[in-house]
Each structure stands twice: as structure tokens, then as C-alpha cells.
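Trainee: Structure in C-alpha cells, see below.
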């Protein structure tokens, strides 16, 4: 069953185009994460915060990523990370046009 | 610029397949919301909570939906609604396979 994970944390920047350049290599690495269907990269420049919304193929893949990514953020000095994990209602989500698989 | 909105609220159910049946008409209506690219329907049966993650074409479309959907939830008797609105880093999001447009 699909699983959705939301990360939110304080972030000093860069944001926008500079963020895209700085984190393109990390994005390419995250894209290869086992079980990841997609990630949306979120940012709040005004509040100096950033995060991501991740859709995983199942809860086990989500759990593995949460462990890995939490350690990665900690190694980067990021503190105050909030993690929120949800089940996904797949039939309703299909009606509202979201992508539910890798292909 | 794309805008992501997250709704979370207490919800007594139904969840899962029964939720899908009960809310299929609402999903079809939400799918027609101007500026909506997609919505993921989230649920936490164990915590009696539900919500949604919405990607909009721009902040104005997101703002319009927040006003409409907040009123709809209130009319359904839902209380304790949390709303979180984010900017989206589009180049990074494209690398990680998320759908960024309606087509």
C-alpha cells in the first residue's frame, strides 16, 4: 500500500534557482531510492524552511528512507526535523490525477 | 509558480475502501478545481485523521481552493483543520519524477 512521507525543517537557504543548482546531485541520488515513486521539493524562503513530500510504494520503503534521510539531514547539521507519515487512499487519489507508480 | 497545500484534520472514518466509495463523487468534483494538477488523499485510520496533499499551478489557485475547501470542511462539521502551504522547487521536483502539469 502506498505511503506518503512529509519532511519539514528549518533551512537557511539557498532557495529557488540556487537551491536547484546546489541540490541537483542529491536529487539524482534520491531519485534512485528504492521504492520511491516521486518527491516534491518544498521551500518557504520567507520562513527559512524547506522540506519534501515523498510517495513510496509501501510503508517499508518509506521507513527505510526516513531512517536514511534523517541521518543525512543530521550529518548536514539540520535540526528540528518534523516527519509526518500517512497512508494513501489509492482509488480516490487515482480520481484526482496523482501519479501512483514509477512508470 | 507551483504551490503545494497540505490539509490535515481529525476524521472518524470511513477509511480505506469504504472511504473511497463514500468520497468518489467529491473526488470527481475536486478533480475539476481550477488550477489543480493533482491531489493525494491521505488517511491515518489508527489516529482517526485524514487529509490531502494538493499541487496547484500557482499560489492564487491554491488560495482559492483553501477558502473553498475550508468552508466545505466546516459545513461537514470537521474541526481542527491544519493547513500548510509551500512553494515548490520545480527543477529539483522534475528530477525526482513528480508530475508538474495536468497533462
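Residue numbers (the numbering used here), protein chains in the order written: chain A, 1 to 103; chain B, 1 to 103. Ideal Cβ placement from N, Cα and C applies to all residues, glycine included.
1. Just to confirm before moving on: does the CB-CB distance between residue 50 of chain A and residue 92 of chain B stay below 8 Å?
2. Looking at the secondary structure, which residues open and close the beta strand (DSSP E) in which residue 2 of chain A lies?
3. Threshold first: 3 residues or longer. Then list the beta strand (DSSP E) segments lying entirely within the segment 10–84 of chain B, N to C.
4. On a CA-only basis, which of A:77, A:42, A:38 is nearest residue 8 of chain A? Give me that one, please.
5. The alpha helix (DSSP H) spanning residue 93 of chain A covers which residue range?
6. Please confirm whether residue 57 of chain B and residue 95 of chain A have their CB atoms less than 8 Å apart.
7. Is the beta carbon of residue 84 of chain A sitting closer than 8 Å to the one on residue 6 of chain A?
8. Using a Cβ cut-off of 8 Å (strictly closer), state whether residue 105 of chain B contacts chain A.
9. Compare the Cα-Cα distances from residue 46 of chain A to each of A:3, A:54, A:15 and report the closest residue.
10. Tell whether a beta-carbon distance below 8 Å holds between residue 4 of chain B and residue 86 of chain B.
11. Mark residue 144 of chain B as exposed unless 16 or more other C-beta atoms lie within 10 angstroms of its C-beta, in which case mark it buried.
12. Measuring only the C-alpha atoms, how far is residue 29 of chain A from residue 77 of chain B?
13. Using the Cβ count rule (16 or more neighbours within 10 Å means buried), how would you classify residue 52 of chain B?
Mentor: Straight from the coordinates:
1. No. Outside cutoff.
2. Note, residue 2 of chain A: premise wrong, no beta strand (DSSP E); not H, not E.
3. List check, beta strand (DSSP E) in window: 36–44, 49–56.
4. Checking every option, the nearest Cα to that of residue 8 of chain A belongs to A:42.
5. Its alpha helix (DSSP H) spans residues 90–95.
6. Taking 8 Å as the cut-off, the Cβ atoms of residue 57 of chain B and residue 95 of chain A do not count as close.
7. For residue 84 of chain A and residue 6 of chain A, yes; Cβs fall inside 8 Å.
8. The structure shown has nothing for residue 105 of chain B, since chain B only spans 1 to 103.
9. The shortest C-alpha separation from residue 46 of chain A is found at A:15.
10. Yes. Within cutoff.
11. Nothing can be reported for residue 144 of chain B: it is not among the residues displayed for chain B, which extend from 1 to 103.
12. Their Cα atoms are separated by approximately 44 Å.
13. The Cβ neighbour count for residue 52 of chain B, taken over all protein chains shown within 10 Å, is at least 16; the residue is labelled buried.
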